[in-house]
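Working notes, beginning with the structure itself.
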Amino acid sequence: MSWIQITETENIPPREGRTVKIGELSIALFNTGEKFLAVENRCPHKGGPLADGIVGGTTVTCPLHNWRICLETGEVSKGCDAQLPPVTQFPVRVEEGLIYLQTA
Amino acid sequence: MKQLVVIGNGMAGVACVEQILKFTHDFQITIFGDETHVNYNRIMLSSVLAGEKSADDIVINDIDWYQSNGITPRLGVRVTAIDSEARTVTGADGSVTRFDKLIIATGSSAFVPPMDGVDKKNVHVFRTLDDTRDLLEKSRPGCKAVVIGGGLLGLEAARGLQVQGCAVTVVHLGDRLMDRQLDPTGGMFLNRKMKNLGVDVLLQKSARALTGNGKVEGLRFADGEEIDAELVVIAAGIRPNSALGKLAGVEVNRGIVVNEFMETSHPDIYAVGECTEFRGELFGLVAPLYEQGKVLAATITGNKGPAFESKAQAAKLKIMGVDVFSAGVIDDSDPDVEVVAYEDRSLGIYKKLFVKDNRLVGVILVGDASDDHKYKSWLNSGEDLSKQRKHLLFPPPSADGGLDVAQMPDSETVCGCNGVSKGTIVDAIHTHGVETLAQLKDRTRAATGCGSCSSVCTQLLKAVAPGFVEDKQKVLCACVPFPQEKLKDIIRSQKLKTAQDVLDIYGNGKGCAVCKPALSYLLDVIHCGEHEEDRSARFINDRVHANIQNDGTFSVVPRMRGGITSPAELRKIADVAEKYNVPLVKVTGSQRLDLLGVKKEDLPKMWADLGMPSGQAYAKGVRMVKTCVGEQFCRFGTQDSISAGVELERRYENLFTPHKYKMAVVGCPRNCAEATVKDLGLIGQEGSWQVVVGGAAGKGVRKADLLVTVETTEQAFEASDLFFQYYRENANYLERTYDFVERLGIEKVRKDTVYAAPEAKKGLIERLRKSKDKSYDAWMEREAPRPFQFVQIEPVKEAVFA
Numbered sequence: 001m002s003w004i005q006i007t008e009t010e011n012i013p014p015r016e017g018r019t020v021k022i023g024e025l026s027i028a029l030f031n032t033g034e035k036f037l038a039v040e041n042r043c044p045h046k047g048g049p050l051a052d053g054i055v056g057g058t059t060v061t062c063p064l065h066n067w068r069i070c071l072e073t074g075e076v077s078k079g080c081d082a083q084l085p086p087v088t089q090f091p092v093r094v095e096e097g098l099i100y101l102q103t104a
Numbered sequence: 105m106k107q108l109v110v111i112g113n114g115m116a117g118v119a120c121v122e123q124i125l126k127f128t129h130d131f132q133i134t135i136f137g138d139e140t141h142v143n144y145n146r147i148m149l150s151s152v153l154a155g156e157k158s159a160d161d162i163v164i165n166d167i168d169w170y171q172s173n174g175i176t177p178r179l180g181v182r183v184t185a186i187d188s189e190a191r192t193v194t195g196a197d198g199s200v201t202r203f204d205k206l207i208i209a210t211g212s213s214a215f216v217p218p219m220d221g222v223d224k225k226n227v228h229v230f231r232t233l234d235d236t237r238d239l240l241e242k243s244r245p246g247c248k249a250v251v252i253g254g255g256l257l258g259l260e261a262a263r264g265l266q267v268q269g270c271a272v273t274v275v276h277l278g279d280r281l282m283d284r285q286l287d288p289t290g291g292m293f294l295n296r297k298m299k300n301l302g303v304d305v306l307l308q309k310s311a312r313a314l315t316g317n318g319k320v321e322g323l324r325f326a327d328g329e330e331i332d333a334e335l336v337v338i339a340a341g342i343r344p345n346s347a348l349g350k351l352a353g354v355e356v357n358r359g360i361v362v363n364e365f366m367e368t369s370h371p372d373i374y375a376v377g378e379c380t381e382f383r384g385e386l387f388g389l390v391a392p393l394y395e396q397g398k399v400l401a402a403t404i405t406g407n408k409g410p411a412f413e414s415k416a417q418a419a420k421l422k423i424m425g426v427d428v429f430s431a432g433v434i435d436d437s438d439p440d441v442e443v444v445a446y447e448d449r450s451l452g453i454y455k456k457l458f459v460k461d462n463r464l465v466g467v468i469l470v471g472d473a474s475d476d477h478k479y480k481s482w483l484n485s486g487e488d489l490s491k492q493r494k495h496l497l498f499p500p501p502s503a504d505g506g507l508d509v510a511q512m513p514d515s516e517t518v519c520g521c522n523g524v525s526k527g528t529i530v531d532a533i534h535t536h537g538v539e540t541l542a543q544l545k546d547r548t549r550a551a552t553g554c555g556s557c558s559s560v561c562t563q564l565l566k567a568v569a570p571g572f573v574e575d576k577q578k579v580l581c582a583c584v585p586f587p588q589e590k591l592k593d594i595i596r597s598q599k600l601k602t603a604q605d606v607l608d609i610y611g612n613g614k615g616c617a618v619c620k621p622a623l624s625y626l627l628d629v630i631h632c633g634e635h636e637e638d639r640s641a642r643f644i645n646d647r648v649h650a651n652i653q654n655d656g657t658f659s660v661v662p663r664m665r666g667g668i669t670s671p672a673e674l675r676k677i678a679d680v681a682e683k684y685n686v687p688l689v690k691v692t693g694s695q696r697l698d699l700l701g702v703k704k705e706d707l708p709k710m711w712a713d714l715g716m717p718s719g720q721a722y723a724k725g726v727r728m729v730k731t732c733v734g735e736q737f738c739r740f741g742t743q744d745s746i747s748a749g750v751e752l753e754r755r756y757e758n759l760f761t762p763h764k765y766k767m768a769v770v771g772c773p774r775n776c777a778e779a780t781v782k783d784l785g786l787i788g789q790e791g792s793w794q795v796v797v798g799g800a801a802g803k804g805v806r807k808a809d810l811l812v813t814v815e816t817t818e819q820a821f822e823a824s825d826l827f828f829q830y831y832r833e834n835a836n837y838l839e840r841t842y843d844f845v846e847r848l849g850i851e852k853v854r855k856d857t858v859y860a861a862p863e864a865k866k867g868l869i870e871r872l873r874k875s876k877d878k879s880y881d882a883w884m885e886r887e888a889p890r891p892f893q894f895v896q897i898e899p900v901k902e903a904v905f906a
């Protein structure tokens, strides 16, 4: 499986996310301050852009309706009672100051 | 009248005099103090250094107290001799004062360990208000400060200096901080907390010499190593001031020797406080000194009976956010001592109890000292704990909230700083109708010292006072569990500049979408825009300066002050809307135009093409001023509402507020721009303006309250400024003006703004100006956008890893 070179680590400030476009896929790539994590850039609730959410620890809050997504497991934790499938995650690795993603 | 002379104007001596006055006013009292200040709370000096309190805040008895009790204060006069035969004391000013009874309450001095260079400039001890003032004067941001001594006082001094901006290192001889009060694990927990706060700690280091030419420049250790130091504080312990005792010819060992009635070896000379030695023991904490004062007051007034007994000494560190409590005997080498302990490294909480024969003999609490009174009580009562063994560290799950205070005996001291017992508090509640914490503070002085007993006082009020209403203070968020008022104090006094600092030191280090924007706002307003902007703590709207829509696109609203535009501006807006295929252009209810459905990457280009400032339609900040046509065109207009509206918008634009802030200016009472349902409205009438505040036309409708009526437009602006800044500083984050005004009541708002004292008004206006000077049009960030803030990352390269 191939790794795609995304960007320099300093382009994603601590506790922020950025949007990565790979083909038709929109991925939210985060720097939690301790590590880099990536999930599909789409809140399972109403499709909000997770990359624009506020990051606290390893949780991102969707900017539209404050649903919370755990970036380590993809689990949706707050919102309504509806059981939602977790958000798709993508493997990330960092080599010599560069971030790489694996999409398939 | 009998002459009573007290040597020492400190806490112990004066507290004893207070007790004496409860028995009798038959003494002619003279108090000598070598400091020039009235009696103050020495324990709180570290809070003065940390900027949490002012020198005035820690005064215990002001000059009126001395006068109204007929006491002659001799401040700044050191006593140099005592003639116990002739019964006189001689002051450094040559004065001779006769006494019938003499109390020596000379306290203690800082112990300076033997080392070279202690006489260099910028080397201080930390003992008096003057020491504190010197330190405040010399500490400046970036200054390298070294504190010698890692005990209670040294750590508090270190934190104070660090709050003043110094880079602080604590140098400690022992193998752990507070080694007299903590075990190795407790020391390790405390060490980590100090490091988290940004204070460096060097352990097992013996300072040998202070180096430098005239001024101190460094510190050399016994092992030869050296560190830089521009300011040195020596906090290596205290020594009793017992020299006067020797001069008086009474028995002196390390301290002035007293018996259980606080009598010395001379029948009319007594001693109290840190200068005393009782059964070989010395004292350095306040609680036993108050006890001594009470005993001595009884003895000296002929009510001899109560005897002083030494109880387990308790120490509590007063650093905001760093709870450390230790009391009793901390020794688990005794084979009969059983240890009950709990530790959680990630929360930084460590609790250890030392139990012997089912009785508590010692306790260490680090990271959470909220139960300290319970353990103090167990230590002092020596009660059998066998029935509660399961719940020594944690209360049973459905504990009765009032049980804790119900179990306290009346004699138990609740407020250690001011020596107030549970009985005194209950009495104040019953006999004086005390119902709130503020009234309790006024009446008994409980909780006015370090404040650590506030929660116990509140529990007592809850249990005893019939009309008790708890101060409604909701914590901001579980991530940083303090009410917003408290957070403001913390940010201000601890000089924290970023949301992450607040979270790291006072919260869980993570934060969430609730607390981060709130902290960002508080930091901005408290530091008047001189905080460190941390965009990760901002909602997306405040990172891209546009309002996020339900499909992830954004809206663009340029500023159109007072709703005034021009053909050229309208043409530009039309061109931009076409160029970027804006799906919807809408006239808003705020007299301006909204371009909706804009892609994030187009935002900076659109701002540049528009060449207009941001209308902040996305922000918890100043939105706009709606105006009517006014006297410029309207045949009913009595005031120039357009000019006033445009000016008002200029005054506040680019500033942030607890929630959105909308204004309107109308030129006559017909109120065509709906000024009575805005956060702030100016209503023109013939020859005057009404300034109204706290209106709403949203979820609910509320007619604004009249703040003031003024004659000139300039006065109307001034009233607007005062209310605007007052709201910014005092409302909770996300509290609209209509909730704020309703919560406080318009009378209070008036009192604190338009009717405030000139000084207070000046402060509000100055802070508003400072913030305004720091503010800027967010859309100018288009010239240097943060990396990939607006555009997506579109990678092309594939990498192959082995």
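Here the protein sequences come in this chain order: D and W. Quick note: the first sequence, position 2, residue 2 per this note's numbering, numbers continuous. Quick note: the second sequence, position 400, residue 504 per this note's numbering, numbers continuous. We treat Cβ as the ideally placed atom computed from N, Cα and C, and that holds for glycine.
Handout entry: chain W residues whose Cβ lies nearer than 8 Å to that of Thr59/D
Key = On the first sequence, residue 59/D is found 59 positions in, with the first residue counted as 1. Chain W residues near Thr59/D: Lys614 and Cys616.
Handout entry: Listed by chain order, chain W residues near Thr7/D by CB distance under 9 Å
Key = If you number the first sequence from 1, residue 7/D lands on position 7. Those within 9 Å of Thr7/D in chain W are Pro891, Phe892, Ile897 and Pro899.
Handout entry: Enclosing alpha helix (DSSP H) for Arg755/W [first to last residue]
Key = Taking the second sequence and counting its residues from 1, one reaches residue 755/W at position 651. Element bounds for Arg755/W: Ser745 to Tyr756.
Exercise for the section: Could you tell me whether the Cβ of Val92/D comes closer than 8 Å to any Cβ of chain W? Expected result: As a position in the first sequence, residue 92/D is number 92, starting the count at 1. It does not: the Cβ of Val92/D has no partner Cβ on chain W nearer than 8 Å.
Exercise for the section: Using a Cβ cut-off of 8 Å (strictly closer), state whether Arg296/W contacts chain D. Expected result: Within the second sequence, numbered from 1, the residue matching residue 296/W stands at position 192. No, its Cβ sits nowhere closer than 8 Å to a Cβ of chain D.
Problem - beta strand (DSSP E) runs contained entirely in the stretch 223-295 of chain W, provided each spans 3 or more residues - result: 227-229, 248-252 and 271-275
Handout entry: Reduced DSSP secondary structure (H/G/I, E/B, other) of Gln89/D
Key = Taking the first residue of the first sequence as position 1, residue 89/D is located at position 89. Strand.
Exercise for the section: Report yes or no: do the stretch 786-801 of chain W and the stretch 765-778 of chain W share at least 3 C-beta pairs separated by less than 8 Å? Expected result: yes
Exercise for the section: Starting from the Cα of Glu34/D, find the closest Cα among Asp52/D, Cys43/D and Leu71/D and give me that residue. Expected result: In the first sequence, residue 34/D corresponds to position 34, counting from 1. For Glu34/D, the nearest C-alpha among the options comes from Leu71/D.
Exercise for the section: Would you grab the beta carbon distance between Arg696/W and Val661/W for me? Rounded to a whole angstrom, and I think it's under 8 Å. Expected result: By 1-based counting over the second sequence, the position of residue 696/W is 592. By 1-based counting over the second sequence, the position of residue 661/W is 557. Sure, about 6 Å apart at Cβ, within 8 Å.
Handout entry: Continuous alpha helix (DSSP H) stretch holding Ser559/W: start and end
Key = Stepping through the second sequence from its first residue, residue 559/W is reached at position 455. Where Ser559/W is concerned, the enclosing alpha helix (DSSP H) stretches over Ser558 to Val568.
Practice task
Over the uninterrupted beta strand (DSSP E) stretch that includes Ala339/W, give me the two end residues.
Solution key: By one-based count along the second sequence, residue 339/W stands at place 235. Unbroken run through Ala339/W: none, as it is neither H nor E.
Practice task
Check each residue of the stretch 362-385 of chain W: if its Cβ is closer than 7 Å to any Cβ of chain D, include it; give the result in chain order.
Solution key: none
Practice task
Please list the partners that Glu75/W has in chain D, where partner means a Cβ-to-Cβ separation under 7 Å.
Solution key: Not covered by the structure: residue 75/W. The range shown for chain W is 105 to 906.
Practice task
List the residues of chain D that Ile652/W touches, going by C-beta distances under 9 Å, in chain order.
Solution key: Working through the second sequence from its first residue, we reach residue 652/W at position 548. Correct list: Gly48, Pro49, Asp52, Pro63 and Leu64.
Practice task
Look at the alpha carbon of Asp279/W and the alpha carbon of Leu307/W, and state the distance between them as a whole number of angstroms.
Solution key: Residue mapping note: residue 279/W aligns to position 175 of the second sequence, counting from 1. Residue mapping note: residue 307/W aligns to position 203 of the second sequence, counting from 1. Cα to Cα, Asp279/W sits roughly 6 Å from Leu307/W.
Practice task
Measure from the C-beta of Lys709/W to each C-beta in chain D and report whether the shortest distance is under 8 Å.
Solution key: Within the second sequence, the letter at position 605 stands for residue 709/W. Chain D, which has no Cβ nearer than 8 Å to the Cβ of Lys709/W, makes this no.
Exercise for the section: Measure the C-alpha to C-alpha separation of Ile677/W and Val691/W and round it to an integer number of angstroms. Expected result: As a working mapping, residue 677/W is identified with position 573 in the second sequence. As a working mapping, residue 691/W is identified with position 587 in the second sequence. Between Ile677/W and Val691/W, the C-alpha separation is close to 12 Å.
Exercise for the section: Could you name the residues of chain W that Lys21/D contacts, counting a contact when the two beta carbons are closer than 9 Å? Expected result: Walking along the first sequence from the start, residue 21/D turns up at place 21. Neighbours of Lys21/D on chain W, chain order: Gln896, Ile897, Glu898 and Pro899.
Exercise for the section: For Asn31/D, write down the residues that DSSP places opposite it in a beta bridge. Expected result: Within the first sequence, residue 31/D is the residue found at index 31, counting from 1. DSSP, once it has assigned bridges, lists Glu16/D and Phe36/D as partnering Asn31/D.
Practice task
Please find out if some non-hydrogen atom of the ligand SAM comes closer than 7 Å to the beta-carbon of Ile652/W.
Solution key: This structure simply doesn't include the ligand SAM, nor any ligand for that matter.
Practice task
Label Tyr170/W either buried or exposed according to how many other C-beta atoms from any shown protein chain fall within 10 Å of its C-beta, with 16 as the threshold for buried.
Solution key: Residue mapping note: residue 170/W aligns to position 66 of the second sequence, counting from 1. Looking at its Cβ environment, which holds 16 or more other Cβ atoms inside 10 Å, Tyr170/W is buried.
Handout entry: Enclosing beta strand (DSSP E) for Met767/W [first to last residue]
Key = Taking the first residue of the second sequence as position 1, residue 767/W is located at position 663. Segment Tyr765 to Val770, the beta strand (DSSP E) holding Met767/W.
Handout entry: Reduced DSSP secondary structure (H/G/I, E/B, other) of Pro862/W
Key = Looking up residue 862/W in the second sequence gives position 758. If DSSP states are grouped into helix, strand and coil, Pro862/W belongs with the helices.
Practice task
Starting from the Cα of Lys874/W, find the closest Cα among Leu810/W, Leu759/W and Leu580/W and give me that residue.
Solution key: Locating residue 874/W in the second sequence gives position 770, where the first residue counts as 1. That would be Leu759/W, whose Cα lies nearest to the Cα of Lys874/W.
Practice task
Please state if the CB of Leu580/W and the CB of Ala603/W are separated by a distance shorter than 8 Å.
Solution key: Translated into the one-based positions of the second sequence, residue 603/W becomes position 499. Translated into the one-based positions of the second sequence, residue 580/W becomes position 476. Their beta carbons are not under 8 Å apart, which means Ala603/W does not touch Leu580/W by this criterion.
Practice task
Excluding the 5 residues preceding and the 5 following Cys80/D in the sequence, name in chain order all residues of the same chain whose CB lies nearer than 7 Å to its CB.
Solution key: To locate residue 80/D, count along the first sequence from 1; it is residue 80. With a pLDDT of 45 at Cys80/D, under the threshold of 50, the modelled position of this residue cannot be trusted; read the value that follows with caution. Same-chain partners within the cutoff: there are none.
Exercise for the section: Would you mind giving the Cβ-Cβ distance between Ala882/W and Ser640/W, rounded to the nearest angstrom? I have them listed as a contact below 8 Å. Expected result: Translated into positions along the second sequence, residue 882/W becomes position 778. Translated into positions along the second sequence, residue 640/W becomes position 536. Not a contact, Cβ separation roughly 17 Å.
Practice task
Could you work out which residue in Phe828/W, Val356/W and Leu233/W is closest to Leu348/W when comparing CA atoms only?
Solution key: For this step, residue 348/W is matched to residue 244 along the second sequence. Among Phe828/W, Val356/W and Leu233/W, the Cα nearest to that of Leu348/W is on Val356/W.
Handout entry: 8 Å Cβ cutoff, Ala903/W in contact with chain D
Key = Here the question's residue 903/W lines up with position 799 in the second sequence. Yes, contact with chain D.
Practice task
Starting from Phe458/W, follow its DSSP beta bridges and name the residues at the other end.
Solution key: Taking the first residue of the second sequence as position 1, residue 458/W is located at position 354. According to DSSP, which records beta bridges pairwise, Phe458/W is partnered with Val443/W and Gly466/W.
Handout entry: Local Cβ density within 10 Å of Ile167/W, reported as buried at 16 or more and exposed below that
Key = On the second sequence, residue 167/W is found 63 positions in, with the first residue counted as 1. With fewer than 16 other Cβ atoms within 10 Å, it is exposed.
Problem - Span of the alpha helix (DSSP H) around Lys683/W - result: Your numbering for residue 683/W matches position 579 in the second sequence. First-last of the alpha helix (DSSP H) with Lys683/W: Pro671 to Lys683.
Exercise for the section: Take the Cβ of Asp287/W as the centre, count every other Cβ of all protein chains shown within 10 Å, and call the residue buried at 16 or more, exposed below. Expected result: For this step, residue 287/W is matched to residue 183 along the second sequence. Asp287/W is buried by the Cβ-count criterion.
Exercise for the section: Assign Asp706/W to one of two classes, buried (16 or more other C-beta atoms within 10 Å of its C-beta) or exposed (fewer than that). Expected result: Position 602 of the second sequence, counted from the start, is the residue given in the question as residue 706/W. Asp706/W is buried by the Cβ-count criterion.
Handout entry: Members of the stretch 640-669 of chain W that neighbour chain D once the beta carbon cut-off is set at 7 Å
Key = Ser640, Phe643, Ile644, Ile652, Asn654 and Gly656
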